[in-house]
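Peer 1: Structure incoming, see below.
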(Lines of atoms letter the chains of each structure in order from A and count residues from 1; the text may use other names and numbers.)
(Lines give C-alpha, C1' and ligand atoms only; values in the text may rest on other atoms or scores of the structure.)
Protein backbone atom coordinates (compact mmCIF):
# COMPACT_ATOMS: atom_id res chain seq x y z
CA UNK A 1 0.00 0.00 0.00
CA UNK A 2 1.31 3.45 -0.87
CA UNK A 3 1.49 6.34 1.53
CA UNK A 4 -1.60 8.55 1.55
CA UNK A 5 -1.54 11.80 -0.36
CA UNK A 6 -3.82 13.33 2.26
CA UNK A 7 -2.45 16.56 3.67
CA UNK A 8 -3.67 15.44 7.09
CA UNK A 9 -1.59 12.26 7.26
CA UNK A 10 1.94 12.37 8.61
CA UNK A 11 4.53 9.87 9.81
CA UNK A 12 6.62 11.16 12.73
CA UNK A 13 9.79 9.08 12.95
CA UNK A 14 11.21 9.55 16.47
CA UNK A 15 14.82 8.45 16.85
CA UNK A 16 17.79 8.87 19.17
CA UNK A 17 20.30 6.93 21.19
CA UNK A 18 19.09 4.08 23.36
CA UNK A 19 18.22 5.75 26.67
CA UNK A 20 17.56 9.20 25.16
CA UNK A 21 13.98 9.04 26.45
CA UNK A 22 12.06 8.33 23.25
CA UNK A 23 9.47 6.06 24.86
CA UNK A 24 8.96 8.39 27.84
CA UNK A 25 8.45 11.33 25.49
CA UNK A 26 6.08 9.36 23.28
CA UNK A 27 4.05 8.36 26.38
CA UNK A 28 3.90 12.06 27.33
CA UNK A 29 2.55 12.96 23.88
CA UNK A 30 0.09 10.04 23.92
CA UNK A 31 -1.34 11.22 27.26
CA UNK A 32 -1.59 14.82 26.10
CA UNK A 33 -3.24 13.82 22.80
CA UNK A 34 -5.64 11.22 24.21
CA UNK A 35 -8.62 12.89 22.51
CA UNK A 36 -7.00 13.38 19.09
CA UNK A 37 -6.66 10.92 16.19
CA UNK A 38 -2.94 10.32 16.71
CA UNK A 39 -1.77 6.73 16.24
CA UNK A 40 1.33 5.12 17.79
CA UNK A 41 2.98 2.35 15.80
CA UNK A 42 3.46 -1.08 17.34
CA UNK A 43 7.07 -2.24 17.56
CA UNK A 44 7.92 -5.91 17.58
CA UNK A 45 11.27 -6.66 19.25
CA UNK A 46 13.12 -9.89 19.90
CA UNK A 47 13.45 -8.96 23.58
CA UNK A 48 11.39 -10.46 26.41
CA UNK A 49 8.48 -8.28 27.56
CA UNK A 50 9.68 -8.47 31.16
CA UNK A 51 13.02 -6.87 30.19
CA UNK A 52 11.38 -3.50 30.84
CA UNK A 53 12.10 -0.19 29.19
CA UNK A 54 10.59 0.50 25.82
CA UNK A 55 7.02 -0.32 24.87
CA UNK A 56 6.99 -3.27 22.49
CA UNK A 57 5.45 -6.55 21.45
CA UNK A 58 7.92 -9.25 22.50
CA UNK A 59 8.53 -11.97 19.92
CA UNK A 60 11.04 -14.78 19.50
CA UNK A 61 13.54 -14.63 16.65
CA UNK A 62 11.59 -17.39 14.91
CA UNK A 63 8.29 -15.51 15.25
CA UNK A 64 9.95 -12.29 14.08
CA UNK A 65 11.27 -14.02 10.96
CA UNK A 66 7.84 -15.50 10.21
CA UNK A 67 6.18 -12.08 10.59
CA UNK A 68 8.83 -10.41 8.41
CA UNK A 69 8.55 -13.10 5.73
CA UNK A 70 4.74 -12.79 5.77
CA UNK A 71 4.97 -9.03 5.11
CA UNK A 72 3.67 -8.02 8.54
CA UNK A 73 6.22 -5.19 8.89
CA UNK A 74 6.26 -1.85 7.11
CA UNK A 75 9.82 -1.36 8.39
CA UNK A 76 12.35 -3.64 10.07
CA UNK A 77 16.00 -3.51 11.14
CA UNK A 78 18.56 -4.96 13.54
CA UNK A 79 20.53 -3.20 16.29
CA UNK A 80 22.17 -4.19 19.59
CA UNK A 81 21.80 -7.87 18.70
CA UNK A 82 18.01 -7.51 18.48
CA UNK A 83 15.50 -7.38 15.62
CA UNK A 84 12.93 -4.58 15.40
CA UNK A 85 9.80 -4.39 13.25
CA UNK A 86 7.06 -1.80 12.81
CA UNK A 87 3.63 -3.18 11.97
CA UNK A 88 2.23 -2.82 8.46
CA UNK A 89 -0.91 -1.21 9.91
CA UNK A 90 0.84 2.17 9.75
CA UNK A 91 0.30 2.13 5.98
CA UNK A 92 -3.46 1.77 6.50
CA UNK A 93 -3.49 4.53 9.12
CA UNK A 94 -1.61 6.88 6.80
CA UNK A 95 -3.95 5.95 3.96
CA UNK A 96 -6.87 6.96 6.19
CA UNK A 97 -5.31 10.41 6.69
CA UNK A 98 -4.13 9.83 10.26
CA UNK A 99 -1.00 11.08 11.98
CA UNK A 100 1.31 8.25 13.07
CA UNK A 101 4.20 8.34 15.55
CA UNK A 102 6.83 5.61 15.58
CA UNK A 103 10.02 4.85 17.47
CA UNK A 104 12.57 4.39 14.69
CA UNK A 105 16.27 3.81 14.13
CA UNK A 106 18.80 6.48 13.16
CA UNK A 107 20.65 4.02 10.94
CA UNK A 108 17.42 2.98 9.22
CA UNK A 109 16.26 6.55 8.44
CA UNK A 110 17.35 6.43 4.75
CA UNK A 111 15.34 3.24 4.14
CA UNK A 112 12.34 4.59 6.06
CA UNK A 113 12.48 7.86 4.09
CA UNK A 114 12.61 5.93 0.81
CA UNK A 115 9.52 3.92 1.81
CA UNK A 116 7.67 6.94 3.24
CA UNK A 117 8.89 10.06 1.36
CA UNK A 118 6.80 12.48 3.46
CA UNK A 119 8.25 11.12 6.72
CA UNK A 120 9.04 13.76 9.36
CA UNK A 121 12.12 12.73 11.36
CA UNK A 122 12.54 13.88 14.95
CA UNK A 123 15.91 13.40 16.65
CA UNK A 124 15.89 13.17 20.47
CA UNK A 125 19.28 14.37 21.72
CA UNK A 126 20.77 13.97 25.19
CA UNK A 127 24.23 14.57 26.67
CA UNK A 128 26.52 11.54 27.11
CA UNK A 129 26.49 12.03 30.89
CA UNK A 130 22.70 12.07 31.12
CA UNK A 131 22.49 9.13 28.71
CA UNK A 132 24.79 7.06 30.93
CA UNK A 133 22.71 7.91 34.01
CA UNK A 134 19.50 6.81 32.31
CA UNK A 135 20.93 3.57 30.95
CA UNK A 136 22.32 2.60 34.36
CA UNK A 137 19.07 3.54 36.13
CA UNK A 138 16.91 1.32 33.95
CA UNK A 139 19.08 -1.66 34.88
CA UNK A 140 18.53 -3.55 31.65
CA UNK A 141 22.14 -3.63 30.44
CA UNK A 142 25.45 -4.64 31.99
CA UNK A 143 28.13 -1.96 32.51
CA UNK A 144 29.84 -3.10 29.31
CA UNK A 145 26.56 -2.87 27.38
CA UNK A 146 25.90 0.61 28.79
CA UNK A 147 29.31 1.77 27.57
CA UNK A 148 28.72 0.17 24.16
CA UNK A 149 25.36 1.94 23.82
CA UNK A 150 26.86 5.29 24.79
CA UNK A 151 29.68 4.74 22.29
CA UNK A 152 27.22 3.81 19.54
CA UNK A 153 25.05 6.79 20.41
CA UNK A 154 27.85 9.22 19.66
CA UNK A 155 29.77 7.23 17.04
CA UNK A 156 26.91 7.32 14.56
CA UNK A 157 26.89 10.43 12.38
CA UNK A 158 23.95 12.75 13.02
CA UNK A 159 20.98 12.03 10.77
CA UNK A 160 20.60 14.22 7.70
CA UNK A 161 17.14 14.98 6.37
CA UNK A 162 15.60 18.21 5.01
CA UNK A 163 12.70 18.09 7.52
CA UNK A 164 14.71 16.96 10.56
CA UNK A 165 13.60 18.42 13.91
CA UNK A 166 15.77 18.11 17.02
CA UNK A 167 14.36 17.87 20.55
CA UNK A 168 16.79 18.13 23.50
CA UNK A 169 15.98 15.87 26.47
CA UNK A 170 18.59 16.72 29.11
CA UNK A 171 16.28 18.38 31.62
CA UNK A 172 12.76 17.74 32.88
CA UNK A 173 10.70 15.34 30.79
CA UNK A 174 7.89 17.87 30.50
CA UNK A 175 10.12 20.41 28.69
CA UNK A 176 11.18 17.93 26.01
CA UNK A 177 7.66 16.46 25.95
CA UNK A 178 6.17 19.87 25.16
CA UNK A 179 8.80 20.40 22.44
CA UNK A 180 7.95 17.03 20.86
CA UNK A 181 4.24 17.81 21.13
CA UNK A 182 4.84 21.14 19.35
CA UNK A 183 6.54 19.32 16.46
CA UNK A 184 3.75 16.75 16.14
CA UNK A 185 0.93 19.29 16.39
CA UNK A 186 2.60 21.55 13.83
CA UNK A 187 3.54 24.41 16.15
CA UNK A 188 7.25 23.84 15.44
CA UNK A 189 8.82 22.87 12.13
CA UNK A 190 12.59 22.80 12.80
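Residue numbers (the numbering used here): 1076 to 1265.
Note that the Cβ used here is the ideal one computed from N, Cα and C, for glycine as well.
#1: Give me, in chain order, the residues of the same chain whose beta-carbon lies closer than 7 Å to that of residue 1136; leave out the 5 immediate sequence neighbours on both sides.
#2: Let's test the definition: count the other Cβ atoms within 10 Å of the Cβ of residue 1146 and tell me whether it reaches 16, buried, or not, exposed.
#3: Quick one: Cα of residue 1090 to Cα of residue 1199, how far?
#4: Return helix, strand or coil for residue 1247, following the three-state DSSP convention.
#5: Skipping 5 residues on each side, what residues in its chain have a beta carbon closer than 8 Å to that of residue 1148?
#6: Report the residue from 1153, 1087 and 1100 whose alpha carbon sits nearest the alpha carbon of residue 1182.
#7: Could you check whether residue 1221 and residue 1086 sit closer than 8 Å to each other, using their CB atoms as the reference points?
#8: Quick test of the definition: if touching needs 3 or more C-beta pairs under 8 Å, does the region 1177 to 1193 touch the region 1228 to 1247?
Peer 2: So, from the listed chains and residues:
#1: 1121 and 1158
#2: exposed
#3: 6 Å
#4: coil
#5: 1119, 1142, 1160, 1161, 1162 and 1163
#6: 1153
#7: no
#8: yes
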